[in-house]
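Quick note: to get the working numbering, add 1108 to the position in the sequence shown (first position is 1).
Using N, Cα and C, we set each Cβ at its ideal position, and we do this for glycine too.
Data first, discussion second: the structure below is written as structure tokens.
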Amino acid sequence: MQDGYARAGELIGADLTDTATLWGDAADSDTSVQVIVADDSLTDDAISRGFFKVTLELENTRLERVLAGKAVLNAYGSPPSDIKEQVKTLKAMRERVSFISAGDAFQWFEENTGGSPFSLES
């Protein structure tokens, strides 16, 4: 979709979003793959907090992020062909996203970041 970044808030249903970069080209700041996300509590039709994991692979290296809420994926510029194939179509992207439990999300954060940015308390 054209102008996905500019329309992310509209597509998600929230004015406040956050951006997580999955991959970026150090030589070209205009080339990256990002997830624009809004926490469920910020969306127009709030649902229970849902966690999801986005995984891309580049030269046998896993690029992975765990997020919560609703999101739009944006690919900019000229990513390498293996990244491009993983985000080229909705079908390809669906294969890269998995919905996970809160427990699995907390475990991922402990293993990959040393702690969790989320609280289990409401």
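Straight-line CA distance for Gly1223 to Phe1214? Between the alpha carbons of Gly1223 and Phe1214 lies a distance of about 8 Å.
Kindly give me the distance between the Cβ atoms of Val1141 and Trp1131, rounded to whole angstroms, as I take these residues to be in contact under 8 Å. 5 Å between Cβ atoms; contact.
What does a CB cutoff of less than 6 Å around Ser1156 pick up in its chain, not counting 5 residues either side in sequence? Note that Ser1156 scores 48 on pLDDT, short of 50, meaning its location in the model is unreliable; the coordinates nonetheless yield the value given after this. Close CB contacts of Ser1156 within its chain, under the 6 Å cut and outside five residues either way in sequence, are absent.
Do Leu1171 and Leu1164 have their C-beta atoms within less than 8 Å of each other? In this structure, Leu1171 places its C-beta atom within 8 Å of the C-beta atom of Leu1164.
When burial is assigned at 16 or more other CB atoms within 10 Å of the CB, is Leu1124 buried or exposed? Looking at its Cβ environment, which holds fewer than 16 other Cβ atoms inside 10 Å, Leu1124 is exposed.
Would you mind listing the beta strand (DSSP E) stretches within the region 1153-1177 that are 3+ residues and don't spill past its ends, in chain order? Runs of the beta strand (DSSP E) inside the region 1153-1177: 1159-1166, 1169-1176.
Excluding the 5 residues preceding and the 5 following Arg1204 in the sequence, name in chain order all residues of the same chain whose CB lies nearer than 8 Å to its CB. The residues Val1162, Thr1163, Leu1164, Gln1194, Val1195, in chain order, have a CB closer than 8 Å to that of Arg1204 in the same chain once the five nearest residues on each side in sequence are set aside.
Which of helix, strand or coil DSSP assigns to Ser1189: Ser1189 falls in the helix class under three-state DSSP.
Who pairs with Leu1181 in a beta bridge, going by DSSP? Under DSSP, Leu1181 forms a beta bridge with Val1143.
Ala1210 to Asp1138 span [Cα, whole Å]: Pairing Ala1210 with Asp1138, the inter-Cα distance amounts to about 33 Å.
Roughly how many whole angstroms lie between the Cα atoms of Phe1159 and Ala1179? Approximately 11 Å, taken between the alpha carbons.
Delimiting residues of the alpha helix (DSSP H) encompassing Asp1123: Where Asp1123 is concerned, there is no enclosing alpha helix (DSSP H), given that its DSSP letter is neither H nor E.
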